[in-house]
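First residue of the sequence shown: 26, per our numbering; consecutive thereafter. Ideal Cβ positions, reconstructed from N, Cα and C, are used throughout, including at glycine. Model, not experiment: these values are computed from the prediction. Heads up: the structure comes next, in structure tokens.
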Amino acid sequence: MGKTLKKSEKELSLYENVKLQFNLAKKIIKLDTGISKILETTMNELVVNFPVKMDNGSLEIFTGYRVQHNNALGPFKGGLRFHPDVDIDEMRALATWMTWKSAIVQIPFGGAKGGIQIDPSKYSKTELERISRRFTFALGNNIGPEYDIPAPDVNTNAMIMGWILDTYISTITPNNRQHCFHIVTGKPIGLGGSLGRDKATGQGVVFLIEQWAKETNFDLSKATYMVQGFGNVGSWSAKLLKNHGSKLVAIEDMTGAIFNSNGIDPDELSKYVKKTGGVKGFKKSEPLNHDSFLRTRADIFIPAALEKQITKKTAHLLNVKLIAEGANGPTDLAGDKILEEKGIHLIPDVLCNSGGVIVSYFEWLQNKRSEAWDIEQVDEKLSKKIINGYKRVQEMAEKHKCNWRTAAYIVALSHLETVYKERGIFP
Ligand code: NAD
Numbered sequence: 026m027g028k029t030l031k032k033s034e035k036e037l038s039l040y041e042n043v044k045l046q047f048n049l050a051k052k053i054i055k056l057d058t059g060i061s062k063i064l065e066t067t068m069n070e071l072v073v074n075f076p077v078k079m080d081n082g083s084l085e086i087f088t089g090y091r092v093q094h095n096n097a098l099g100p101f102k103g104g105l106r107f108h109p110d111v112d113i114d115e116m117r118a119l120a121t122w123m124t125w126k127s128a129i130v131q132i133p134f135g136g137a138k139g140g141i142q143i144d145p146s147k148y149s150k151t152e153l154e155r156i157s158r159r160f161t162f163a164l165g166n167n168i169g170p171e172y173d174i175p176a177p178d179v180n181t182n183a184m185i186m187g188w189i190l191d192t193y194i195s196t197i198t199p200n201n202r203q204h205c206f207h208i209v210t211g212k213p214i215g216l217g218g219s220l221g222r223d224k225a226t227g228q229g230v231v232f233l234i235e236q237w238a239k240e241t242n243f244d245l246s247k248a249t250y251m252v253q254g255f256g257n258v259g260s261w262s263a264k265l266l267k268n269h270g271s272k273l274v275a276i277e278d279m280t281g282a283i284f285n286s287n288g289i290d291p292d293e294l295s296k297y298v299k300k301t302g303g304v305k306g307f308k309k310s311e312p313l314n315h316d317s318f319l320r321t322r323a324d325i326f327i328p329a330a331l332e333k334q335i336t337k338k339t340a341h342l343l344n345v346k347l348i349a350e351g352a353n354g355p356t357d358l359a360g361d362k363i364l365e366e367k368g369i370h371l372i373p374d375v376l377c378n379s380g381g382v383i384v385s386y387f388e389w390l391q392n393k394r395s396e397a398w399d400i401e402q403v404d405e406k407l408s409k410k411i412i413n414g415y416k417r418v419q420e421m422a423e424k425h426k427c428n429w430r431t432a433a434y435i436v437a438l439s440h441l442e443t444v445y446k447e448r449g450i451f452p
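And the structure:
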């Protein structure tokens with residue numbers, strides 16, 4: 026066995042990292058002590074163990090989570106993740122970030138996150154369907170269209186949202202079924218999904234990069250960029266940035282990393298990944314190892330995979346001007362410090378990837394009103410909401426002379442503090 030690490034040497038868990046980020050901001054604004062106690066605690070934590078029949082007739086037990094952090098601003102809202110690393114600590118962190126996101130872009134949602142601890146690649150489509158449906162059944166009325174609304178996240182998609190919707194409405198009384206299509210967002214369009222939801226997170230990332238470029242007089246048509254993760258967020262960010270003439274020079278996913286100084290076409294790569302399952306082996310590129318990928322010289326880096334990628338060990342390798350965090354939690358506190366010292370500007374996750382929850386809000390509204398908005402309307406409203414969030418964060422960073430992550434927390438905490446002061450604490 027390896028030697029036991031001292032506490033100071035131990036890697037912080039994701040949720041410990043969130044608490045440290047929270048503490049930095051709360052000190053600066055002298056957040057009310059009572060309200061701080063509320064916001065640093067999750068409201069509800071649900072762990073469900075449920076049985077599912079496998080294709081070969083055997084039975085397996087799965088563990089699912091739903092953590093509801095806070096609903097002061099509106100119903101709990103947050104994605105569902107299917108991944109082997111899903112655990113209660115990760116869910117707490119991701120649920121908390123959801124609360125901050127909605128507060129920053131000012132939409133009437135709280136924060137939640139859920140998931141199942143599985144490697145979905147090991148299951149057939151029919152098994153995944155039964156797992157998703159049985160998980161929904163196990164959650165029961167702990168989720169609901171006016172109470173807690175799931176959405177896609179890592180390894181979940183519109184098809185899974187469709188199964189969840191169908192299961193949920195099948196378990197409620199028939200006369201209520203037609204009012205409940207807003208139980209999930211990120212649904213297929215035919216089931217009440219919104220145009221623009223699929224690309225929403227990547228579109229939000231690109232709107233923010235455009236804003237940064239405008240303010241810094243940076244010419245995106247000459248820019249180079251690198252992306253980590255080529256799933257929903259990574260592929261859409263890459264494809265939309267290409268429209269400016271920017272050049273994708275390096276990309277990494279769970280199958281490996283690839284590089285081409287002359288540029289990789291994200292649309293061609295997308296077709297290739299659909300066929301092969303990953304970026305590895307794409308013919309118009311050369312392979313890279315992980316460290317060389319991180320060392321790639323580029324103007325913009327979009328992490329769009331998993332957490333804790335930019336840390337004490339890796340942040341010094343980066344050779345970029347801007348990091349736009351498509352993923353949740355890609356940078357830890359030590360990573361932030363190094364990026365600041367290196368003068369790399371960072372658009373933090375709680376602002377940068379909020380396009381997903383913003384368009385989820387639009388989808389939820391359209392379902393409630395039986396409307397279907399066109400794509401121009403969705404994009405225009407998304408742009409307005411996310412750029413207003415950008416300006417709020419920018420203003421706080423200037424006012425408190427702090428980095429953008431702390432500024433984003435300050436925006437969220439100040440808004441929630443005002444709301445709690447206005448409503449008071451029962452009884
Ligand atoms: P996805 O499942 O569609 O794609 C995940 C990608 O990450 C895949 O390309 C996968 O190969 C890659 N990946 C996984 N492990 C990796 C590793 N160790 N190294 C490199 N690449 C790896 O997931 P997604 O929905 O695109 O989500 C990506 C990130 O964005 C997550 O942090 C998620 O929480 C966040 N996010 C997603 C949305 C959304 O609308 N989908 C919204 C906000 C934030």
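Residue i versus the options, residue with shortest Cα-Cα distance
i      : options                           : result
Lys346 : Pro133, Ser260, Arg322 and Arg448 : Arg322
Pro145 : Leu119, Ser127, Leu105 and Lys138 : Leu105
Ala248 : Trp237, Gly99 and His108          : Trp237
Lys138 : Ile156, Met79, Thr151 and Val72   : Val72
Gly288 : Leu273, Asn392 and Glu36          : Leu273
Val444 : Leu56, Asn42 and Ser38            : Leu56
Asp16  : Lys267, Asp244 and Glu332         : The displayed coordinates of the chain run from 26 to 452. Any statement about residue 16 would go beyond what the structure contains.
Ser286 : Glu311, Met279 and Asn200         : Glu311
Asp244 : Ile86, Ile54, Ile325 and Trp125   : Ile325
Glu70  : Leu358, His341 and Glu115         : Glu115
His370 : Asn428, Tyr386 and Gly135         : Asn428
Thr284 : Gln203, Leu64 and Gly306          : A small fix is needed here, since residue 284 is Phe in this sequence, not Thr. Cα-wise, what sits closest to Phe284 is Gly306.
Asn268 : Gly254, Gly259 and Pro291         : Pro291
Lys147 : Gly99, Thr356 and Met79           : Met79
Glu85  : Lys409, Gln142 and Phe255         : Gln142
Asn95  : Ile60, Phe87, Lys409 and Leu265   : Ile60
Val231 : Met68, Thr241 and Trp261          : Trp261
Lys393 : Arg202, Ser195, Ile189 and Glu365 : Arg202
Gln93  : Trp125, Phe107, His425 and Arg159 : Trp125
Phe107 : Gly135, Leu64, Ile156 and Thr67   : Ile156
Lys299 : Phe255, Ala352 and Arg320         : Phe255
Trp217 : Tyr386, Asn180 and Ala437         : The identity of residue 217 in the sequence shown is Gly, whereas the question assumes Trp. The shortest Cα separation from Gly217 among Tyr386, Asn180 and Ala437 belongs to Tyr386.
Val382 : Gly99, Thr58 and Gly103           : Gly103
Glu366 : Gly89, Leu342, Pro355 and Gly354  : Leu342
Ile432 : Leu153, Lys52, Thr121 and Pro109  : Rather than Ile, the amino acid found at residue 432 in this sequence is Ala. Cα-wise, what sits closest to Ala432 is Lys52.
Phe47  : Lys446, Glu447, Ala163 and Ser439 : Ser439
Asn81  : Leu45, Ser149, Leu49 and Glu293   : Ser149
Span of the alpha helix (DSSP H), counted from its first residue to its last, around residue i
i      : result
Tyr415 : Ile400 to His425
Lys362 : Leu358 to Lys367
Val252 : No alpha helix (DSSP H) holds Val252; the beta strand (DSSP E) holding it covers Thr249 to Gln253.
Phe162 : Lys150 to Leu164
Leu49  : Leu39 to Ile54
Ala397 : Neither: Ala397 is in no alpha helix (DSSP H) and is coded neither H nor E.
Phe318 : His315 to Arg320
Phe232 : Ala225 to Glu240
Ile435 : Trp429 to Arg448
Lys62  : Thr58 to Leu64
Ser195 : Ala183 to Ser195
Residue i - containing beta strand (DSSP E), residue span
i      : result
Asn74  : Asn69 to Lys78
Phe284 : Gly281 to Phe284
His370 : His370 to Ile372
Asn95  : Leu84 to Asn95
Ile174 : Asp173 to Pro177
Where residue i falls: helix, strand or coil (DSSP)
i      : result
Asp114 : helix
Pro291 : helix
Ala137 : strand
Gly259 : helix
Arg106 : strand
Lys272 : strand
Ile132 : coil
Ala349 : strand
Ala330 : coil
Asn392 : helix
Phe206 : helix
Phe101 : strand
Ile143 : coil
Pro199 : helix
Gly380 : helix
Whole-number beta carbon distance between residue j and residue i, since they are thought to touch under 8 Å
i      : j      : result
His315 : Ala282 : 6 Å
Thr151 : Tyr193 : The Cβ separation is near 20 Å, so there is no contact.
Ile129 : Ser379 : 7 Å
Ile276 : Val304 : 5 Å
Met123 : Gly140 : Contact doesn't hold; Cβ gap of about 13 Å is too wide.
Gly6   : Thr280 : Because the chain in this structure spans residues 26 to 452, residue 6 falls outside the shown range and cannot be described.
is_contact[residue i, chain C] using C-beta, thresh 8 Å
i      : result
Ala275 : Although the question refers to chain C, the structure presented lacks it and comprises just one protein chain.
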